[in-house]
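Protein chains in written order, with this note's numbering: chain A, 1 to 270; chain B, 1001 to 1461.
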C-alpha cells in the first residue's frame, strides 16, 4: 500500500513525540457485551463482545455484508440493537433519548458518502452542531471550525459549498465537521470507499495525523496500509461475528482463521 | 524506442473558432428556428421542410393577428373617457343610438372606471375605504420588504407580517369590537397556562418517563390556546371604528383575503401534515394520511358548499360563524392537504444520509427537519408550491357559489347594470378582471423563478 511506501520516501515519518501521544489508557470507552441485532429475520450481529479503551485505534475489516458497518452504527444508535448491552463512556445505549443525545455529542462519525449538507457552506456545515447542540456562540463556533479546517488543510474553502469541492476535500470537511464537536471517539464508516484513488491519500493522511494526536478511533476500512500503520488491533468480521482479533503485524503475517486467510489473499494479492 | 504511429500527435492541434451554426445570432436562429426546416437533400425531406415553413408562417400570422386584435380592442379602438356622463350611450354605435361608427368594436373603459370601486372593494362603505387603503399599503410595504434581498431586518419584518399584520388588517377591515366575553377568554388563558405547566413538569420527568416523551404536545397546545385567546381579546377591544361586517366586503378585497389566508396558512399546515404522514408513529401517520386523503378527495366547491350551507344545520342554535370565516377555513384546510403532498414529494427526495449525518452530530428531530431537511426539500418543490399558490388564487373565484362576492362575482353583478348596457360591457369587464388575475399570478410565477435561481446556487458545481 502507498502508505508504507511513503514512509520510505520520508514524506510522513512518525515522530517520537507523536508516538508517545498514541498511547492507550486503561479507561474503557466502549463496552459491548452479548450484542445481537436482526434485520427482520436476518441475524446481522451475532453475540458481539468488544471492549475498546480510550486512545485505542481499532480497524474493522471483513467481506461485504459481514455486519461491520452495522456494528459501528449501533455505537451511536443510528441502528438499534435488540439484545445485549452497549455502553459508551459509561452511558448505556437504550431507548432513553437523553442518553442517545449525550452519546452522539461525544461520538463523531464520518460516512462513506460524506453526508455533508449541500445547502450550507463548508463553514456552516462545521458550525451547525456546535451552535445548535452545544449552544455555542456563533463567533466561538466559527473559530473552532476554522481551527479544524486548518487541521484538515482546507481553510481556504470555508465559504464554498460542498458541491464545489472534490471528493477528498469533502471527506476532509466531514472529518473537520465531526471534530468541531470535540468528540471523545471517532467512528469511520468506509471513509475512502467512495473516493477516486488519487484522493484516498489525502483522507488517510488526515486520519493518520488524527491517530497520532491520540484520538480514539474505530475504522471500518479496507485500507490495509492504514491498518498496519496506526491500528492497535485489527478485528475481522464475517457473517455478523468477530472471528479474529490481533495486532496488525500478527493479523497480516499469520492469520489463524481460514476465512481471514481467504479474505486477506483476496484483497492483498493483486 | 517505439515506432511512431500516424495517429499519435507530435504537436498540439490548433484551437478553431466555432462554425456559424454554433455561435452568435445566426447560430441562435439556426439552432432554434431553421434547423428543422432547411433539409432539401431528398424529396421526402424537402416536402417535410416545406410543410414546416408553411405551418410556421401560419402560426406567426395567427399570433400577430390575435395580438393586434387584442391591442385594437383594448387600446386603439377603445373608448377611454365619458366626459359628458352619457354612460352606456358613450359606447353605442350610430345604429344603437350613440355616436360611434357602425361596426365599432372596442373596450368601454368608462364602464370599468365607474365600477372600479365596486370591483375592488364591493359594497364596502365609501367613507371607510381609508381602512382598506391603509391595510393594503402596510401589507404591500411589508411584503416587498420581506421578499426583497438585502434589506435590513428582513426576517423580523417577515415574522411581523405573519403575526401582527393579520391582526391589524382584521381590526382595520372589520372595525374590531367583536363580541366575546372577557371572562371566557380569561378562563381559556388559565387553561392554557395549566397545560403549559403540566407539559413543563412532564418534560422534567416528574410525571413518569412515558409521559415525558409527549409532554411537549401539552406545551404546544397550551401556547396555542393562549395565543388564540389573546387574539380574541384584542379584536374584542373597542377601537372606535365603525363596524363593517364581512357581508359588506367584496371584489378584489375578498379575493386577496381568501387567497392570502389560504397561501399563508397552507404552507405551515402542509409542512406539518407532510411530516406527520412520514412520521414513524403509526397513529400520527394514519391521522395525517386520513386528513390529507379526505380533503384531496373532495372538490373545493363541495367544501365551500358544506361549510356555508350544511355546517350551520349541524351547529347548535345560536352558534353562528361568519360566512366568510367558514369559507376561509374550508379553503385553508383544502389547500393545506394539497400542499402536504407537494412537500412530501420534496421530503422523499432527501437522501437518508442527510438524516444520518444530522443525527450523528446530535441534532434533535425538529432541528434536523428545520435546519437540514426542510430547507432542501422545500427548495426542490418550489415550482410545486407556487403551482398550488397560483391554483389557489384562481380557485378563490369559487366562493361566488356560496354568495361571497369576489372579484369575478363583483364583475358579474356589474354586468347586470342596465345603465351601462352595451354589447361590449361583459367582455370589457372580463378583460379587466383577467388582467388583474394575470398580474398577480404572473408575479408569483416570476418570484418563484427568482427563488429557484437564488437557491440553486448552492447546488452549482
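Ideal Cβ positions, reconstructed from N, Cα and C, are used throughout, including at glycine.
Check, Outcome
"Looking only at its chain, what residues have a beta carbon closer than 7 Å to the beta carbon of residue 1089(B), apart from the 5 residues adjacent to it on each side?", "1097 and 1098"
"In the structure shown, what three-state DSSP assignment does residue 38(A) receive?", "strand"
"Could you name the residues of chain A that residue 1199(B) contacts, counting a contact when the two beta carbons are closer than 7 Å?", "Those do not exist, as residue 1199(B) stays about 16 Å from chain A at its closest Cβ, beyond 7 Å."
"Three-state secondary structure (DSSP) at residue 1306(B)?", "helix"
"Is the beta carbon of residue 88(A) less than 8 Å from the beta carbon of residue 105(A)?", "no"
"Can you look up residue 17(A) in the DSSP assignment and give me helix, strand or coil?", "Note that residue 17(A) has pLDDT 44, beneath the 50 cutoff, so the model's placement of it is unreliable and the number below is only indicative. It is helical."
"Are the C-beta of residue 1280(B) and some C-beta of chain A separated by less than 8 Å?", "no"
"Any idea which residues DSSP pairs residue 73(A) with across the strands?", "Per DSSP, none; premise fails for residue 73(A)."
"Run the CB neighbour count on residue 256(A), radius 10 Å, all protein chains shown included, and call it buried at 16 or more, exposed below.", "exposed"
"Is it the case that the Cβ atoms of residue 1263(B) and residue 1226(B) are separated by a distance below 8 Å?", "no"
"Per DSSP, residue 218(A) forms a beta bridge with which residues?", "58(A) and 187(A)"
"Of all the options 1431(B), 1392(B), 1437(B) and 1383(B), which has the alpha carbon lying nearest to the alpha carbon of residue 1455(B)?", "1383(B)"
"Is any beta-carbon of chain A found at less than 8 Å from that of residue 1461(B)?", "In this prediction, residue 1461(B) has a pLDDT of 43, which is less than 50 and means its spatial position is unreliable; nothing more can be read from the coordinates."
"Under a three-way DSSP split, which group does residue 9(A) fall into?", "The pLDDT assigned to residue 9(A) is 43, lower than 50, so where the model puts this residue is not dependable; a value taken from the coordinates is nonetheless given after this. Of the three classes helix, strand and coil, the one that applies to residue 9(A) here is helix, per DSSP."
"On a CA-only basis, which of 1172(B), 1063(B), 1395(B) and 1072(B) is nearest residue 1134(B)? Give me that one, please.", "1172(B)"
"Please report the straight-line C-alpha distance between residue 203(A) and residue 1273(B), rounded to a whole angstrom.", "42 Å"
"Residues of the stretch 121-136 of chain A with a CB closer than 7 Å to any CB of chain B: list them in chain order, please.", "128, 129, 132 and 133"
"Does DSSP put residue 1102(B) in a helix, in a strand, or in coil?", "coil"
"With DSSP as the reference, identify every bridge partner of residue 1093(B), one or two as the case may be.", "1100(B)"
"At 4 residues or longer, what runs of the alpha helix (DSSP H) sit wholly inside the stretch 87-157 of chain A?", "97-106, 122-132 and 138-151"
"Kindly list, in the order they appear in chain B, the residues whose Cβ is closer than 8 Å to that of residue 78(A).", "1356, 1359 and 1360"
"Assuming residue 1444(B) and residue 1386(B) are in contact, meaning their beta carbons sit under 8 Å apart, how far apart are those beta carbons, in whole angstroms?", "6 Å"
"Could you please give me the residues that DSSP links to residue 51(A) through a beta bridge?", "31(A)"
"Which chain B residues are close to residue 94(A), counting only those with a beta carbon under 8 Å from its beta carbon?", "Result: empty, since nearest Cβ-Cβ is about 11 Å, beyond 8 Å."
"Please tell me whether residue 1202(B) has its Cβ less than 8 Å away from any Cβ of chain A.", "no"
"I need the DSSP call for residue 1380(B), collapsed to helix, strand or coil.", "helix"
"For residue 113(A), return the contacting residues in chain B, with the cut-off set at a CB-CB distance below 7 Å.", "1353"
"Could you tell me which chain B residues have their CB closer than 9 Å to the CB of residue 105(A), listed as they occur along the chain?", "1361 and 1362"
"Can you grab the Cα-Cα spacing for the pair residue 1376(B) / residue 67(A), in whole Å?", "31 Å"
"How would you label residue 1347(B), buried or exposed, when you count the other beta carbons within 10 angstroms and need 16 or more for buried?", "buried"
"Quick check: is the beta carbon of residue 1376(B) nearer than 8 Å to any beta carbon in chain A?", "yes"
"Grab the span of the beta strand (DSSP E) containing residue 237(A) for me, first residue to last.", "233-238"
"Please list the terminal residues of the continuous beta strand (DSSP E) segment that includes residue 243(A).", "241-246"
"What number of angstroms, rounded off, separates the C-alpha of residue 1422(B) from the C-alpha of residue 1452(B)?", "46 Å"
"Between the stretch 249-260 of chain A and chain B, which residues of the former have a C-beta closer than 8 Å to a C-beta of the latter?", "none"
"Compute the Euclidean distance between the alpha carbons of residue 1324(B) and residue 1330(B), then round it to the nearest angstrom.", "10 Å"
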